[in-house]
Structure formats: structure tokens, C-alpha cells
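J.: What follows is a structure written as C-alpha cells; I'll ask about it next.
Residue numbers (this note's numbering): 4 to 258.
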């Protein structure tokens, strides 16, 4: 939106998954500085007259469609941690929240909800045969369907698990690599500026491929059917568009 009285949305064709399609820089214009955008190639630009930011936002939503409103519990308090040890620990924590009359609408469980170790130390393109990418860790969820329903009914708490945009199981890595479903690049190191080449090289899914999205959607649907409420997507910096396509695959699983 510009205070000159318009909103603008531009769309471009773009095939490079690892960089932003347009360039921008701060330039001096007399006594002021403006952001200067540039792009080489074909693009479609939609200009929407708008006297105010509100009018510009309304015009934008008319063009793109309005975003869905998250469920009510998403506006509440959600407790997240890395270190849930077992079923007893989960249920003791939920009970302590309720006994102390602290607000709690959801919990997020890290790696330990689906597997028994992290994959950060795995060599490039390699996994472990016992690593479970899709399933429940029986130490925390020996009865996932019953537990997730019970937590909703008894504590009014929604349960979420962390998801990574990569694969850690040896056989699954081999199968998907033969199909050409992995990105060529790695996950950047978790600092600024990031360390390169990063980690999880050779096993990050390319969600831009429709067949990958279909497969991933089918793979996580049983977890949603068991009662998982939502996902915490983490470390999706494998390319500029990973989060977009990844979210779309997860949305497909909810259809």
C-alpha cells in the first residue's frame, strides 16, 4: 500500500526455488529514502485505487480471497517445549495446569512425539533405519487415539507435534531419492549469518512437486485422524518457498 492512494500486487513466474524472484534496495530520492524494487521478466501487476490502508486491504482481499480465521483455541495459550519424557509426564503437566488454574488451550511436543532421537547429527543424505518419520513414539503415545481424545475431553487441550521438512529414515531416504524428490540444497545453519552448507543435506523434501505434496499429505493424514490438531512447522528455510508448499500439503491432508 502507498499513501499516494493505491495498493499493488504483482505476480511473477519463477522456477528458482532458492532465491527471492525480485531484488530490492534502499535508495536516496532527494531528502528521503525509498525502497526500490526491480525484476527482469514477465509479470502481472494489479493496481487497486485505495485512499486508506483499510481500503487497500479490502481491495487486496477481494482480489486474493479472505484468509481463513484460525480456530478459537489458536488465540489462547499454547505451551511448547523440547523434553516431554513420557505419557506420565504429559498427563502430569496437563493436570498441574488445571489444578493451578493456569490458562492452557494447546501443547506442542518436539521430536520426541514421533521418534526417539533428533536427526541433526546424521551425515549428508543418510538416516537411521529405526528413525520414524510418520508415527507416534510409543513411550509418549502408547495409545495415541485414546490419549488425544482424552486430552481434549478431560483437559480441553489440543495437541500438536513438531514437523521438519525432511526425512530421517534410511529406507525412505533411498526410496525418495530415487524418485528425485529431494532439494539439492541444505537447511542453513541456525545463526545469522547462516552457516553453509548447513545440515540435513540431501534429504529435504521438494514440496514444490505436486507428487511430493500428495505423498506427504497421505502420510500425515493418519496422524490427524488419530487426533493431532495442528502442526508446528520448523526449519523450513530449505528454499524460499518451502513453507508455502509445505503448508499446502498439510492443508490437503485436512480435506
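Note that CB positions come from ideal geometry on N, CA and C, so glycine has one too.
Bear in mind the structure is a predicted one, so any value in this text is a computation, not a measurement.
Of the choices 173, 185, 257, 220, whose alpha-carbon is the least far from that of residue 242?
T.: Nearest option by C-alpha distance: 185.
J.: Would you say residue 147 and residue 229 are within 9 Å of each other, going by their C-beta atoms?
T.: Closer than 9 Å, so yes.
J.: Rounding to the nearest angstrom, what Cα-Cα distance links residue 43 and residue 26 in this structure?
T.: If I take the Cα positions, the gap works out to 9 Å.
J.: Can you list, in chain order, the residues of its chain whose CB lies under 8 Å from that of residue 173, leaving out five sequence neighbours each side?
T.: The answer, listed in chain order, is 129, 130, 131, 132, 134.
J.: Taking the alpha-carbon of residue 125 as reference, which of 78, 201, 29 has the nearest alpha-carbon?
T.: Ranking the options by Cα distance to residue 125, first place goes to 201.
J.: Helix, strand or coil: which one does DSSP assign to residue 41?
T.: It is a strand residue.
J.: To which residues of the same chain is residue 122 closer than 6 Å at the C-beta, ignoring the five residues directly before and after it?
T.: 171, listed in sequence order.
J.: Does DSSP put residue 35 in a helix, a strand or coil?
T.: Correct three-state label for residue 35: strand.
J.: Reducing DSSP to helix, strand and coil, say where residue 123 ends up.
T.: In the structure shown, residue 123 sits in coil (DSSP, three-state: anything other than H, G, I, E or B).
J.: Specify, as a first and last residue, the run of the alpha helix (DSSP H) that residue 246 falls within.
T.: Where residue 246 is concerned, the enclosing alpha helix (DSSP H) stretches over 245 to 256.
J.: Within 10 angstroms of its Cβ, does residue 143 collect 16 or more other Cβ (buried), or is it exposed?
T.: When all chains shown are included, residue 143 counts as buried.
J.: In angstroms, rounded to a whole number, what distance separates the CA positions of residue 238 and residue 167?
T.: Cα-Cα distance, rounded: 6 Å.
J.: Mind checking who residue 30 pairs with in its DSSP beta bridge?
T.: Answer is 37.
J.: Please specify which runs of the beta strand (DSSP E), each continuous and at least 3 residues long, are wholly inside the region 82 to 143, giving them in chain order.
T.: Whole beta strand (DSSP E) segments, 3+ residues: 109 to 112.
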